[in-house]
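Just so we're aligned, residue 57 is where the sequence shown starts under the numbering used here, counting upward by one. The C-beta atom is built at its ideal place from N, Cα and C for all residues, glycine as well.
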Amino acid sequence: MANRERGDRILTDWNRVFDALADPSRRYVLEYLHDRTQPVPVWELAIALAVRTTDRPADQVDIQIVEQAETGIVHVHLPKLEAANLVESNGETITLTDHAETLPLFTPAYRGIVRPAASEENEGDWES
């Protein structure tokens, strides 16, 4: 085993990571950010979260729902995700941290607990 300096390794506070992952909206935020190559504006993320929670197209989601999603992102979800070192925000945009990319958060099994694709929803039905 290599002798590494403390600064060479990433220390993970698993309690904070698990706390951040406990909420489905935060898991969706991570999934959404993972699928983008550029920083995501908070407002775009709020629209995406509102669309997900209402199951309506973006042009049919009430602006108040988007504003509520934005408030939740800024005041609840981002602080928990930042405390777990999973995202970074400059107040206007959000990105995944390099640390988040090193965790096994984006495996097919993880993606299944966020929300299955429409074609996958019925694949696991045991009743016919």
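- Histidine 131 is classed as exposed because its beta carbon has fewer than 16 other beta carbons within 10 Å across all chains shown.
- By the 16-neighbour rule on beta-carbons within 10 angstroms, alanine 78 is exposed.
- Judged by DSSP secondary structure, glutamate 144 falls within the beta strand (DSSP E) whose first and last residues are 143-145.
- The residues Leu142, in chain order, have a CB closer than 6 Å to that of alanine 156 in the same chain once the five nearest residues on each side in sequence are set aside.
- In the same chain as leucine 101, and ignoring 5 residues on each side of it, the C-beta atoms closer than 7 Å to its own belong to Val85, Tyr88, Ile129, Ile150, in chain order.
- In this structure, the straight-line span from the alpha carbon of aspartate 75 to that of aspartate 115 is close to 32 Å.
- The beta carbons of alanine 125 and valine 73 sit about 23 Å from each other, so the pair does not count as a contact at 8 Å.
- Remark: C-beta atoms of arginine 82 and leucine 137 approach each other more closely than 8 Å.
- Between valine 107 and proline 113, the beta carbon gap of about 7 Å places them in contact (Cβ cut-off 8 Å).
- Nearest to proline 80 by alpha-carbon distance, out of Glu148, Leu159, Gly147, Leu105, is Leu105.
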